[in-house]
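Take 112 as the starting number for the sequence shown in my numbering and just add one per residue.
Notes follow once the structure below has been shown.
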Amino acid sequence: MKKASFTVEAALIVPFFLLICLGIFSMLNFYSLYVSESIALKDKAEKTAAYAYEFGDTTDSDGYLTLTKQVKYKVPYSPIPLPALTVPCYARVHIWCGYLGAGIQPGNDFSGKMVYVTDYESVYHTKPSCTHLDLHIYTKSLSEAKKSRNIDGARYHPCEKCIQKSHTNQQVYLSEHGTAYHNTLECSGLKRNVRLVDQSQISDLSLCSRCESQGRR
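Shown next, in the form of structure tokens:
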């Protein structure tokens with residue numbers, strides 16, 4: 112009788128335990144999907160914002176561009192049919208309009224050719240799609256990141272800015288041309304403060320080699 116009682120309890124507990132495991136797996140799987148879709152939408156918004164300046168197009172009167180995407184997720188291996196979950200994903204960026212940098216005074220002569228520059232760099236860029244500016248960020252598990260190589264064949268190492276001073280998350284961020292994996296999207300190694308300036312004001316900077324090679328094609 113006691114053995115039969117244990118069997119009944121197991122029959123009740125095991126399915127409940129499996130449902131909990133399925134729920135945890137589904138939440139983690141959805142979070143990974145949502146982060147990936149958010150990163151892709153952010154990259155698309157930044158690229159669109161750059162071209163929106165060139166064509167004089169913006170969707171918002173305040174100079175911001177907002178993109179929206181519906182992320183759909185269906186729970187896998189569900190014992191009962193469940194409808195797909197739909198969650199909105201947003202990306203909002205400012206249109207690249209350029210501004211006067213340090214040392215540039217209104218009234219100076221301008222060449223009329225606008226180029227892209229970032230903080231702390233010694234080169235300028237002619238194309239917003241340059242891989243130095245458009246990083247193509249994606250997410251991977253820590254174990255996968257340690258085994259991965261970038262588009263040039265180099266291995267990834269822990270970021271000196273956001274990882275070596277703290278523990279490493281199990282989900283990290285990488286870029287196609289980068290050589291480090293990061294704990295957070297807010298790491299300065301993944302962010303580019305890009306501004307549009309007149310080329311005549313940056314005579315001390317040289318042209319980015321990647322932009323130059325793209326121009327020759």
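All C-beta atoms, glycine included, are put in the ideal place defined by N, C-alpha and C.
Residues in its own chain within less than 6 Å of residue i by CB, not counting five upstream and five downstream?
i: Glu157; result: Val204
i: Ile215; result: Confidence in Ile215 is poor, its pLDDT being 46 and thus under 50, which makes the residue's placement unreliable; the coordinate value appears in the next sentence. These residues qualify, in order along the chain: Gln312.
Tell me whether residue i sits in a helix, a strand or coil according to DSSP, three-state version.
i: Arg321; result: helix
i: Lys302; result: coil
i: Ile150; result: helix
i: Ser259; result: coil
Run the CB neighbour count on residue i, radius 10 Å, all protein chains shown included, and call it buried at 16 or more, exposed below.
i: Ile191; result: exposed
i: Ile248; result: buried
i: Val283; result: buried
i: Val125; result: exposed
Which residue from the options puts its Cα closest to that of residue i?
i: Gln281; options: Leu133, Tyr231 and Tyr142; result: Tyr142
i: Tyr227; options: Cys132, Leu130, Tyr145 and Val308; result: Val308
i: Ala202; options: Tyr267, Thr179 and Val234; result: Thr179
i: Ala265; options: Tyr292, Thr250 and His243; result: Tyr292
i: Pro199; options: Val146, Lys257 and Thr159; result: Val146
i: Ser137; options: Thr242, Gln310 and Ala195; result: Ala195
i: Leu144; options: Leu123, Ala122 and Gln181; result: Gln181
Cutting at 8 Å between CB atoms, please list the residues of its own chain near residue i, excluding the five before and the five after it.
i: Ile245; result: What sits at residue 245 in the sequence shown is Asp, not Ile. Correct list, in chain order: Asp154, Glu157, Lys158 and Pro239.
i: Tyr267; result: Ala256, Lys257, Ser259, Arg260, Asn261, Leu285, Gly289, Thr290, Ala291 and Tyr292
i: Cys270; result: Ala291, Tyr292, His293, Asn294, Cys298 and Gly300
Is the segment 222-235 touching the segment 255-265, taking contact as three or more C-beta pairs under 8 Å? no
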